[in-house]
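K.L.:
Anchor point for the sequence shown: position 54 equals 54 in full-length UniProt numbering, and the numbering is continuous, going up by one each time.
For every residue, glycine included, the Cβ atom is placed at its ideal position computed from N, Cα and C.
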Amino acid sequence: MNMKRWLAILGASVLLVISIGVNTMSSIFSKDWTAMLDEFAAVSSAEFFETVLEEGSMNERIALLTVDGVIQDTGSAGSLFAAEGYNHSVFLQQLEQVKEDDSVKAIVLEVNSPGGGVVESAQIYKEIKEIQEETAKPIYVSMGGMAASGGYYISAPADKIFVNKETMTGSIGVIMQSINYGKLAEKYGVEFVTIKSGPYKDIMSPTREMTEVERNMLQEMLNDSYEDFVDIIAQGRNMTEAEVKKVADGRIVNGRQAIEAGLADDFGFVEDVVAAIKTDYNLENAEVFEYGYSQSFASLFAMKAQSFLGVDMESKLIGKLIADNSAPKMMYLYGNN
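1. CA-CA distance, Gly150 and Lys165?
2. At the level of alpha carbons, what is the spacing between Val43 and Gly115?
3. Considering just the uninterrupted stretch of the alpha helix (DSSP H) at Phe91, what are its terminal residues?
4. Taking only three categories from DSSP, how would you classify Arg237?
5. Taking the beta strand (DSSP E) that Ile172 falls in, what are its first and last residues?
6. What did DSSP end up calling Gly117 once you bin it into helix, strand or coil?
7. What do you reckon, are the CB atoms on Tyr291 and Glu50 nearer than 8 Å?
8. Please identify the residue among Gln257, Ser103, Leu263 whose C-alpha is closest to the C-alpha of Thr240.
9. Whose C-alpha, out of Ala158, Gln219, Asp249, is nearest the C-alpha of Val230?
10. Buried or exposed: where does Gln219 fall if 16 or more other Cβ atoms within 10 Å of its Cβ makes it buried?
11. So what does DSSP say about Glu50, is it helix, strand or coil?
12. Report yes or no: do the segment 241 to 261 and the segment 273 to 282 share at least 3 C-beta pairs separated by less than 8 Å?
13. Cβ atoms of Val108 and Ser142: under 8 Å apart, would you say?
14. Given Ser146, which residues of its chain have a CB within under 8 Å of its CB, disregarding the five upstream and five downstream residues?
15. Please go through the same chain and pick out, in chain order, the residues whose beta-carbon is closer than 6 Å to the beta-carbon of Asn285, but skip the five residues on each side of it.
16. How about Ile277: is its C-beta nearer than 8 Å to some C-beta of chain C?
17. For Ala264, report the span of its beta strand (DSSP E) as first-last.
18. Taking Ile119 as the reference, give the member of Tyr281, Gly236, Ile71, Ile252 with the closest Cα.
19. Measuring CA to CA, which of Thr207, Tyr226, Pro199 is closest to Val213?
20. For Gly144 and Arg61, I'd like the C-alpha separation in whole angstroms.
21. Rounded to whole angstroms, what is the Cα-Cα separation between Tyr332 and Glu96?
22. Is Lys31 helix, strand or coil when you go by DSSP?
23. Cα separation between Val67 and Val98?
24. Within 10 angstroms of its Cβ, does Ser197 collect 16 or more other Cβ (buried), or is it exposed?
25. Quick check for students: name the residue ranges of the beta strand (DSSP E) that lie wholly in the UniProt domain "Peptidase S49" (134 to 283), counting only runs of 3 or more.
Below, the structure is given as C-alpha cells:
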C-alpha cells in the first residue's frame with residue numbers, strides 16, 4: 001500500500017472521528033443539564049455522622065436535635081437546591097434514627113423557629129409522638145430566641161419545655177396570605193383573562209377581589225387546623241381547651257408569660273435542659289451527641305459541574321422557591337417569613 005493510500009485512510013479516519021465527536025457534543029449540549037445534574041445529585045444520599053458534645057457511656061446516650069429556621073420542605077437532602085439551614089427531610093431522618101437507636105435513652109430538642117408549614121409541622125409532631133409511644137424515650141424541649149406557631153406546635157408533646165426570659169413563643173393559630181394586585185394592574189391597563197372549570201377554581205386569585213362565600217370557605221379550613229392545634233396543646237400540656245384558648249389568639253408571649261400560661265415549665269438554656277434530663281432520668285453518665293450530615297461525592301461533583309457549565313445557581317434556587325411558594329397555603333407561622 002503506497003503512501004497516498006495511507007494518507008487517504010488516515011484522512012477518512014480523522015473525518016469519521018470528528019463527525020462522531022460533533023454529533024456527540026451536539027447531543028450532550030442539547031440536553032437539560034440542570035435537570036440531569038439535579039437527578040445525579042438526588043440519587044446520592046446524605047451521610048450521617050455523629051459529633052460527641054459530652055463524653056460518657058455509649059450505651060446510654062442523649063441525642064441533641066435542632067430545628068433552626070422556617071419549618072418548610074424546600075428540597076430533599078440530596079438536592080442541589082435544598083435550602084440552607086433547616087432541612088425537613090434530613091430532620092425527619094434524624095427523628096427516625098433516634099427512634100431506632102437503642103443506645104439513645106433521651107432526646108433534647110432545641111427549637112429556634114417562627115414555625116412554618118401546617119403539613120411539615122404535623123409530620124414532625126407525628127414522628128415525636130411515635131417516639132414517645134413506641135419507645136417511651138423522654139423528650140425535653142429547649143426553646144431559643146423564638147419558638148412560635150409551628151415552633152410551638154412541634155414542642156407541645158414534649159415531656160418538659162424550657163424557655164429563657166427573652167424567648168418569643170406562642171403565636172398559636174393558622175394564617176393564609178396572598179397579594180392582590182388587581183387594582184394596580186387595572187390602573188395601568190393590564191387585563192387578565194381567566195378560563196376556569198368552576199366558580200372557585202381561582203380562589204385567592206391575585207387579580208380579583210375575593211367573594212364572601214370564598215372567604216367563608218377558607219375560614220372553615222383554617223378553623224379546622226386551628227382546632228387541631230388547640231387539641232394538640234391541650235393534650236401535650238395537660239390543659240383544658242378553655243385554658244389553651246385564653247392565649248391561642250395569635251398573640252406572642254415571652255418566656256415568663258409562657259410559664260405563667262402553662263405553655264412552658266421552667267427557665268433554662270440548652271445546657272441546663274441537658275443537665276435536667278440527665279438528673280430526671282438517671283443519665284448522669286450518658287454521652288451527649290448531635291447529628292450532622294455531609295453530601296456525598298456525587299452531589300458535590302454535580303454542584304461543581306453546574307458551576308462549570310455556567311448554570312446560575314442563585315437564579316435557579318430563587319426560581320424554585322418562587323415556584324414552590326406561588327400558591328397560598330395554610331401556615332403555622334409567625335411574622336413575615
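P.N.:
The answer reads as follows:
1. 20 Å
2. Reliability of the predicted coordinates at Val43 is poor, the pLDDT of 41 falling under 50, and the value obtained from them is presented with this limitation in mind. Looking at the two C-alpha atoms, the distance is approximately 29 Å.
3. 88 to 100
4. helix
5. Where Ile172 is concerned, there is no enclosing beta strand (DSSP E), given that its DSSP letter is neither H nor E.
6. strand
7. yes
8. Leu263
9. Asp249
10. exposed
11. strand
12. no
13. yes
14. The displayed chain sequence assigns Met, not Ser, to residue 146. Cβ neighbours of Met146 beyond the five flanking positions: Asn112, Ser113, Pro114, Thr167, Met168, Thr169, Tyr334.
15. Gly56, Ser57
16. Included in the structure is just one protein chain, with no chain C present.
17. Neither: Ala264 is in no beta strand (DSSP E) and is coded neither H nor E.
18. Residue identity differs from the one stated: residue 119 is Val in this sequence, not Ile. Looking at the Cα atoms, Ile71 is the closest of the given residues.
19. Pro199
20. 23 Å
21. 23 Å
22. Legend: pLDDT at Lys31 = 47, less than 50; position of this residue unreliable, no value from coordinates given.
23. 15 Å
24. exposed
25. 139 to 148, 160 to 163, 168 to 170
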